[in-house]
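Written out below as C-alpha cells is the structure these notes cover.
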Amino acid sequence: MSKVDVLLGLQWGDEGKGKAVDFLAPKYDVVARFQGGPNAGHTLEFDGKKHVLHQIPSGIFHQEIKNVIGNGVVIDPIVFKKEIDELAPYNLDLKSSLILSNKAQLILPTHKLLDKALEISKGNEKIGSTLRGIGPTYQDKIGRHGLRIGDTIEADFESRYNRLKDQHLSILDRLGFEEEHEAAEREFFDSLDLIRSFQISSTEYFINDCISAGKKVLAEGAQGTLLDVDFGSYPFVTSSNTTTAGACAGLGIAPKRIDQVFGIFKAYCTRVGSGPFPTELFNEEGERLRKLGNEFGATTGRPRRCGWLDIPALNYSCMLNGVTQLFMMKADVLSGLDTVKICNAYSSNGKHTLEFPFIYSENYEPVNEAVEGWTLNAYDDYASLPSKLKEFIETIENKVETPISLISLGPDRKETVLKKI
Ligand code: IMP
C-alpha cells in the first residue's frame, strides 16, 4: 500500500504551488485538489508558455496522470468551462484524465452576488475576498443546503437550484443589493452540460483504490496555511482548511495514509487582500519585490502586499502541517540586494514572542535580522549557487528545523535546483 504526499502553501497563498506540483507531477499517478476553488490561481510555465489554473489540478499537463477535483473543492461551472476551453490548444484528452467528485459543492451565480454584497456590507472591515463566491458556498455546505456536482444529474436538481437561489435572492434583498443574475444563470446551466460530460464519481473510493494498488497520489493545496479558516489570521482568511488536515477531509484519505508533506514558501512574503501582515514593507524595498517578483494576483490582478520572510509564521505553518520538506520559491527575486532581512520574532509592548498571535495589531513589530545578499549568475546545481544564497537557505533550515529540498529560481520548470537531503 502506498501513501499520499501533500503539497501546500505555508504563507498567505501565491507561493508558487502550481509550478511545484507541475515539477513533481511526473513522479505521481494521481494529483488531487482538496479545497478552495476559483479563488486559486496556480501558474505553470513551460516551453515558453504560461498557463493559469484555477480549479483544475496542476498535474493536468501530464496526460498519463489522473487529476481529481476532490469533495472539499467548491466548483464554479462557468469558470470550469473557461478553463477547459483554455486547455484546448494542448490537445489533452481531459475526459480520461480529469475526474470530479460527486460531493464537490457548486458555486451558483447568486453565491457570487452574495460574496459581493457581504463584502460591501463590511465596509472598512472587508476581507478583500476574490469575490468568486467561495465564502457563501462553503456557508451553504456547512448549513447543509448546498448543491453538489452529483446533484446535477438528479431529476429534482432544477427545483432544488431554484429553492436555493430564492433563499439567496431574499438575503440579497435584505442587504439592499441588486444586480441581475439571469445572464450568468444561463451560462451556469450551459456549463453544467459540460461538467456532466466528465467523469463524476465518489472519488474517495478512486483515491483509496489507487493507494491500495500502490499508486502514488499527490494532494495539491490551494491558498496558504495563514489563510486557513481555523488557524489563519481570522477573519481575514478563506473559508476552507488549507492545511494537511484539509487534505484528509477534502479527499477522504485517512491521516495514517499521509507520508511526505511538502511545504511551499517564498523567500519573502506576500499577501493579497486585507488582514495583518507583520513584515509588510511600505517603502521602495516592498515596491522592488512587487516589481521583480511580478506580485500581482493570478486570479484578480490585484497588486500583492510584499514583505520580508516571517520565521515565526513559517514555524507555525510547519507545525500545523507536519511539513517534512520545504520548497523555497522565488529566491531569484532577492538577487542583487545588498542585504536581505528575515523576521525572527515579533515584539509587542517590549516583549518578544515567537508565537503567531491570536490577533495581530499595530503593537506587533517584526524583529528583523539582516543577512548579506547575493547576485544570481548562471548555475547548474545547488553547489554552483552563490555562497551567500546557500547561507541564506541553510539559515532558514536551521531556524525552521526542516530541510529545504527544492529551490526555485524563476517561473520556468527548468529554473529549479534540487538540494539533497
Ligand atoms: P476568498 O477565499 O476569495 O473569500 O478570499 C479570502 C481571502 O483569501 C482574501 O484575502 C483573498 O485575497 C485571499 N485569497 C483567496 N484565495 C487566494 C489565493 O489563491 N491566493 C492568495 N490569496 C487568496
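Converting from the sequence shown to our numbering requires adding 98 to each position, the first position being numbered 1. Just so you know, even glycine gets a beta-carbon here, dropped at the ideal spot from N, CA and C.
Only residues of its own chain outside the window of five on either side were considered, and among them Glu143 have a CB closer than 6 Å to the CB of Pro509, listed in chain order. One Cα belongs to Phe454, the other to Phe287, and the distance between them is close to 44 Å. Under the criterion of beta carbons closer than 8 Å, Ser372 and Lys224 qualify as touching, at roughly 6 Å. When DSSP states are grouped into helix, strand and coil, Thr323 belongs to the helix group. Exposure of Phe456 is indicated by the presence of fewer than 16 other C-beta atoms within 10 angstroms of its C-beta.
Separation of Phe178 and Ile293 (C-alpha to C-alpha, rounded to the nearest whole angstrom) is 8 Å. Shown here, Asn442 sits in a strand according to DSSP, grouped into three states.
Counting every other CB atom within 10 Å of its CB across the protein chains shown gives Tyr444 a total of 16 or more, marking it as buried.
Gly371 has its Cβ nearer than 8 Å to a heavy atom of the ligand IMP.
Note on Ala186: under 16 other CB atoms within 10 angstroms of its CB, so exposed under the neighbour-count rule. Taken atom to atom, the span from the alpha-carbon of Gly221 to that of Ala215 is near 10 Å.
Taking the C-beta atoms as reference points, Asp174 is found nearer than 9 Å to Gln153. Here the distance from the Cβ of Arg511 to the nearest heavy atom of the ligand IMP is not below 8 Å. DSSP places Ala481 outside any alpha helix (DSSP H), giving it a letter other than H or E.
The alpha carbon of Ile158 has as its nearest neighbour, out of Asn447, Val171, Asp145, Val129, the alpha carbon of Val129.
The DSSP assignment places 423-427, 437-446, 449-451, 462-470 as complete runs of the beta strand (DSSP E) inside the region 422-475, in order along the chain (cut-off: 3 residues).
Rounded to the nearest whole angstrom, the C-alpha separation of Glu470 and Leu407 is 14 Å.
For Ile167, the enclosing beta strand (DSSP E) begins and ends at 164-167. Taking the CA atoms as reference points, Ala365 sits about 5 Å from Ala429. By the criterion of at least three beta-carbon pairs nearer than 8 Å, the region 224-244 is not in contact with the region 292-307.
Taking C-alpha positions only, Ala282 is separated from Leu273 by approximately 20 Å.
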